[in-house]
Amino acid sequence: MIKTLLMNIDEPDQVEIGRVRERGGYAALEKALRMEPAALIEEVKASGLRGRGGAGFPTGMKWSFVPKNSDKPTYLLCNADESEPGTFKDRKLMECDPHLLIEGMAIACYALDCHLSYIYLRGEFEFIAHTLQKALDEAYEAGILGPSVCGRDYALDIYLHLGQGAYICGEETSLIESLEGNRGYPRIKPPFPATHGFLASPTVVNNVETLCALPWIIANGSAAYAAMGTEKSKGTKLFSVSGHVAKPGVYEVEMGYPLMDFINNESGGVPNGRKLKAVIPGGSSVPVLRAEECEGVLLDYESLLKAGSMLGSGGMIVFDETVRMPEALSVIADFYAHESCGQCTPCREGTGWAAKILRNLIAGKGKRPDIDLLLKIADMMEGKTICPLADADVMPIRSFITKFRSEFEELCSN
Amino acid sequence: MPKLTINGQEIEVEPGTTIIQAAQVAGIEIPHYCYHPDLPVDGNCRMCLVEVERMPKLAISCATLATEGMVVHTNNDRVKESVRGVLEFLLVNHPVDCPVCDQAGECRLQDYYMVYGLHTSEIPLEMKVRKQKVVDLGPMVVLDQERCVLCSRCIRFFDHVTHTGEMQFFGRGDHVAIGTFENRPLDNPYSGNVVDICPVGALTSRDFRFKCRVWFLNSTDSVCGGCSTGCSMRIDHRDGTVFRLLPRRNPEVNKSWLCDEGRMSFHELAAGERVRRPMIKGRDGMQAPVVWEEAVRSVDSKLKEIRDNHGAGSILGFASPSATNEALFLFKQYMAGQVGVTRFEFRADSEDKSVTEQEDNILRRVDKHPNSMGAIKLGLVSKEFGGIEGAIESAREGKLRAGVIIYFKPLVRRPTDEEAESRVAELIRAVEYSVVLAAHKTDWLAEASVVLPVTAWSEENGSYTNYQGRVQLARRAVTPAGDMRPVWQVFALLLAVSGADISWSTAADVFESLTETEPAYRGITYDEARLPGALVADI
Ligand SMILES: Cc1cc2nc3c(=O)[nH]c(=O)nc-3n(C[C@H](O)[C@H](O)[C@H](O)COP(=O)(O)O)c2cc1C
Ligand code: SF4
Ligand code: SF4
Ligand code: SF4
Numbered sequence: 101m102i103k104t105l106l107m108n109i110d111e112p113d114q115v116e117i118g119r120v121r122e123r124g125g126y127a128a129l130e131k132a133l134r135m136e137p138a139a140l141i142e143e144v145k146a147s148g149l150r151g152r153g154g155a156g157f158p159t160g161m162k163w164s165f166v167p168k169n170s171d172k173p174t175y176l177l178c179n180a181d182e183s184e185p186g187t188f189k190d191r192k193l194m195e196c197d198p199h200l201l202i203e204g205m206a207i208a209c210y211a212l213d214c215h216l217s218y219i220y221l222r223g224e225f226e227f228i229a230h231t232l233q234k235a236l237d238e239a240y241e242a243g244i245l246g247p248s249v250c251g252r253d254y255a256l257d258i259y260l261h262l263g264q265g266a267y268i269c270g271e272e273t274s275l276i277e278s279l280e281g282n283r284g285y286p287r288i289k290p291p292f293p294a295t296h297g298f299l300a301s302p303t304v305v306n307n308v309e310t311l312c313a314l315p316w317i318i319a320n321g322s323a324a325y326a327a328m329g330t331e332k333s334k335g336t337k338l339f340s341v342s343g344h345v346a347k348p349g350v351y352e353v354e355m356g357y358p359l360m361d362f363i364n365n366e367s368g369g370v371p372n373g374r375k376l377k378a379v380i381p382g383g384s385s386v387p388v389l390r391a392e393e394c395e396g397v398l399l400d401y402e403s404l405l406k407a408g409s410m411l412g413s414g415g416m417i418v419f420d421e422t423v424r425m426p427e428a429l430s431v432i433a434d435f436y437a438h439e440s441c442g443q444c445t446p447c448r449e450g451t452g453w454a455a456k457i458l459r460n461l462i463a464g465k466g467k468r469p470d471i472d473l474l475l476k477i478a479d480m481m482e483g484k485t486i487c488p489l490a491d492a493d494v495m496p497i498r499s500f501i502t503k504f505r506s507e508f509e510e511l512c513s514n
Numbered sequence: 174m175p176k177l178t179i180n181g182q183e184i185e186v187e188p189g190t191t192i193i194q195a196a197q198v199a200g201i202e203i204p205h206y207c208y209h210p211d212l213p214v215d216g217n218c219r220m221c222l223v224e225v226e227r228m229p230k231l232a233i234s235c236a237t238l239a240t241e242g243m244v245v246h247t248n249n250d251r252v253k254e255s256v257r258g259v260l261e262f263l264l265v266n267h268p269v270d271c272p273v274c275d276q277a278g279e280c281r282l283q284d285y286y287m288v289y290g291l292h293t294s295e296i297p298l299e300m301k302v303r304k305q306k307v308v309d310l311g312p313m314v315v316l317d318q319e320r321c322v323l324c325s326r327c328i329r330f331f332d333h334v335t336h337t338g339e340m341q342f343f344g345r346g347d348h349v350a351i352g353t354f355e356n357r358p359l360d361n362p363y364s365g366n367v368v369d370i371c372p373v374g375a376l377t378s379r380d381f382r383f384k385c386r387v388w389f390l391n392s393t394d395s396v397c398g399g400c401s402t403g404c405s406m407r408i409d410h411r412d413g414t415v416f417r418l419l420p421r422r423n424p425e426v427n428k429s430w431l432c433d434e435g436r437m438s439f440h441e442l443a444a445g446e447r448v449r450r451p452m453i454k455g456r457d458g459m460q461a462p463v464v465w466e467e468a469v470r471s472v473d474s475k476l477k478e479i480r481d482n483h484g485a486g487s488i489l490g491f492a493s494p495s496a497t498n499e500a501l502f503l504f505k506q507y508m509a510g511q512v513g514v515t516r517f518e519f520r521a522d523s524e525d526k527s528v529t530e531q532e533d534n535i536l537r538r539v540d541k542h543p544n545s546m547g548a549i550k551l552g553l554v555s556k557e558f559g560g561i562e563g564a565i566e567s568a569r570e571g572k573l574r575a576g577v578i579i580y581f582k583p584l585v586r587r588p589t590d591e592e593a594e595s596r597v598a599e600l601i602r603a604v605e606y607s608v609v610l611a612a613h614k615t616d617w618l619a620e621a622s623v624v625l626p627v628t629a630w631s632e633e634n635g636s637y638t639n640y641q642g643r644v645q646l647a648r649r650a651v652t653p654a655g656d657m658r659p660v661w662q663v664f665a666l667l668l669a670v671s672g673a674d675i676s677w678s679t680a681a682d683v684f685e686s687l688t689e690t691e692p693a694y695r696g697i698t699y700d701e702a703r704l705p706g707a708l709v710a711d712i
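Chains as they are written, first to last, in this note's numbering: chain A, 101 to 514; chain B, 174 to 712.
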């Protein structure tokens, strides 16, 4: 099993900077600091690393959008708001290897000529805040952060900011608003954060896992990273698997690893002799796959897209044959209705309406036309909102109903 | 300048123009709730989604810039379906209580439903989200949270126009509700504006609530009489009663706003008793009604008698900064041209020293009269005589014997009003002969030699010149019961009995003469004085 991100994840003392350094921690940062920032960006581009927050946007390219000669400071914001149902990979990284994140952030900041950076941590992760803050304090004490990073002529401060428990604050522009002290409302784009982000300044928002991938890439070279994975999906990816598997947890695999192998080997297979029914491969907002659709599918951006789903955040949810799909969908729909920021009409009204119809359906109070009404609501929401949260509700609604329609019909009186 | 095509129509617009603005130029209306020309763009309602060729998704026209070669469709099936969908969403949790809603008849939800919606509601009543129905937001505004379409216009108004930030959304998802922080009252001096910009019946006017169905109202274009800013407004009235004042958008003066005092100023006009008939004081010292003809003849001969006996310098022309330009012009024509008066003043209140002085940095000005600049431009102030105090002084010394005074109570009251009014009373007491043109009764009016009843603001056609020197037209909205005349007509009568050649039959005719005679107004046409108004020359 390949381990880049999770190299030291099982070491119980990996939260202590002394032990981290013994294991080679912060060596990649020292190496990066000896490079030119521009060369560092090229290195990340060459690695083929793509954003692990869900959208899969090439990281090096995102960095290169930041204007070079802006008279405003550049900010790097670490998106640690991980709240997508089924996703708990960032949590594992921050809990068990917080210095890896700090090292990754310092590398990114140096490449972006950023001197002030924030970790936006999900509100419910208060227990991780203590771990992270301790690691940050240690890094300051060790001279890794502060006025002269690792003794160099480069200053960097990293602050930890705890959110208030809103899923929408994981959307990057909403995160920025929240960090500025405003209501967590996604912004209309353009302008994009690269030019008008935090405090109207150039800003890069990167996911925890994306940033944690950087030390390995710098230490081992982009070629070594790009050698892993497939043609377009390079390197390794964390998958957090939950649901009906024997060994739920976070696993690292090379991009392009077969989905069924992942379920049967890493995840320990579907327990209790039951049959696999369906898989949500990338977090609750991606389309569900029927068991038969999973055959031959590889865990990379392209293969999952071809199969009709998406890699998303890598939050895999496995359903065995006992799962009643309308109930599962109702739980998901309730989540999006609850988490819609309420700013734009189709999402605010559509997510709530769909959730109510589904609750009615599973309570046995539904009617057949409700099923098509759900699909109509999905059409009315899709592609018409400020941020993709509405679409994140559309995908499960549409895929659950079209793929498991008979289960919905059975619930209806006429 | 980018050229684009909207619904097959090619138009050229200024760089930086958005699609919704470009469409407006082309006469194409794109439905919207949250977009407002005088507020920053928010893009939340999603009603203005249009199809732009080569863009994969529909684009919000309020935030998408018009660019060269862009091809836009605002009314094809895809766009109509999208608008219909948004409307259906907006009605999902809406209470549809139009029968008891003040907004009915001028509600964007109703209007667009008739054009784009016409669907049957698929959501049972008990499934709707319930919110608070009658929330008292302060002196001007009552809120119904259920009717709110969450467009954030009110929030943006208080954030970006008044910078007072009272309103905000609370909660999330379909439970989001509009409100004020900690239910604090909404009591800034511009709060009434949110009633106008609220596209639905969520924010209603405490003053106008349940008074009249809007389709029974007639609207008349006017200019606010509340201060020297001269905001463009509309008078909504029915059967001679004014029901409300609303802003007319004038980018050069008031954008889309009015201050609350100006908005409520019509109540001041309706309050108090009117002077209804011409009165002349008899030998017994008591005033008795006379017909206009008699009043006018008596005034003309008495003024000329005083002039002949004591010189024109013994007569004061005291104009009003609340009178129209037409009134002031004929006042001057008669007083200076026929009687030979040279001594003029128009300010009873020293607060009105500077017409341009701001009361705040939004709209309000310290001078609470709509036409001080008009009086100044006509030269109705003679500096050497020391204002109204100087006039009282010289009347007491016996040098000033007569005064022709136009007096209107200010529509927006100030603490100094009483003092100003008492100075006018003093002046009347100090001269031997006083002619007062007034709209409202005051206790000192009985002491005047002649009282001539005149129509007030909203009751006559005319123009006002605001602090910028911008002439704007106001039209007659209502007619008071009684034998009042517009001030300009009174002086037209006096000019006639005095033997002058008169040819005016309307206020517009007077305006034309004014622009021919007065250098500052030269060349301005009546049409130019409509929105946004024409600037007078700096003379
Ligand atoms: C509703 C919504 C929620 C999101 N939540 C997260 C999140 O919790 N963590 C995250 O990294 N990205 C999240 N994203 C994606 C971010 O907007 C952004 O694309 C990402 O942080 C970019 O980082 P990356 O390029 O490193 O992937 C979310 C997006 C949406 C639309
Ligand atoms: S799509 Fe939903 S979550 Fe996103 S901005 Fe609109 S209302 Fe908010
Ligand atoms: S109260 Fe009116 S203006 Fe304010 S958000 Fe609601 S609908 Fe918009
Ligand atoms: S600012 Fe002056 S002119 Fe404008 S509404 Fe108020 S009182 Fe009237």
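Note that CB positions come from ideal geometry on N, CA and C, so glycine has one too.
Please read all numbers here as calculations on a predicted model, not as lab measurements.
Which bits of chain B does residue i rub up against, with CB to CB less than 8 Å?
i                     : result
residue 438 (chain A) : 345 and 346
residue 449 (chain A) : 262, 263, 265, 266 and 347
Starting from residue i, find everything on chain A with Cβ-Cβ shorter than 7 Å and list it in chain order.
i                     : result
residue 255 (chain B) : 484
residue 230 (chain B) : 483
residue 236 (chain B) : 288
residue 222 (chain B) : 484
Quick check: what's the CA-CA separation for residue i versus residue j?
i                     : j                     : result
residue 357 (chain B) : residue 338 (chain B) : 11 Å
residue 343 (chain A) : residue 225 (chain A) : 21 Å
residue 561 (chain B) : residue 580 (chain B) : 13 Å
residue 300 (chain B) : residue 349 (chain B) : 16 Å
residue 341 (chain A) : residue 418 (chain A) : 7 Å
residue 451 (chain B) : residue 660 (chain B) : 13 Å
residue 322 (chain B) : residue 132 (chain A) : 52 Å
Could you check whether the Cβ of residue i sits closer than 6 Å to any heavy atom belonging to ligand 1?
i                     : result
residue 409 (chain A) : no
residue 181 (chain A) : yes
residue 279 (chain A) : no
Using a Cβ-based criterion (distance less than 6 Å to any ligand heavy atom), does residue i qualify as near ligand 4?
i                     : result
residue 415 (chain B) : no
Go ahead and label residue i buried or exposed: buried means 16 or more other beta carbons lie within 10 angstroms of its beta carbon, across all protein chains shown.
i                     : result
residue 156 (chain A) : buried
residue 490 (chain A) : buried
residue 293 (chain B) : exposed
residue 163 (chain A) : buried
residue 374 (chain A) : exposed
residue 325 (chain B) : buried
residue 440 (chain B) : exposed
Contact defined as beta carbons within less than 8 Å: I believe residue i pairs with residue j. What is the distance between those atoms, to the nearest angstrom?
i                     : j                     : result
residue 537 (chain B) : residue 400 (chain B) : 6 Å
residue 485 (chain B) : residue 510 (chain B) : The pair is not a contact, with the Cβ atoms about 11 Å apart (cut-off 8 Å).
Going along chain B in order, which residues have a C-beta closer than 7 Å to the C-beta of residue i?
i                     : result
residue 456 (chain A) : 300
residue 441 (chain A) : 345
residue 444 (chain A) : 217 and 219
I want to check one thing, is the minimum distance from the CB of residue i to the heavy atoms of ligand 3 below 6 Å?
i                     : result
residue 429 (chain B) : no
residue 276 (chain A) : no
residue 537 (chain B) : no
Below 9 Å on C-beta distance, what does residue i contact in chain B?
i                     : result
residue 452 (chain A) : 265, 266, 302, 346, 347 and 348
residue 283 (chain A) : 341 and 342
Consider the C-beta atom of residue i and the heavy atoms of ligand 2; say whether any pair is separated by less than 6 Å.
i                     : result
residue 443 (chain A) : yes
Taking a cut of 8 Å between CB atoms, which residues from the region 313-339 of chain A lie near chain E? Note that chain E does not occur in the displayed structure, where the protein chains are A and B.
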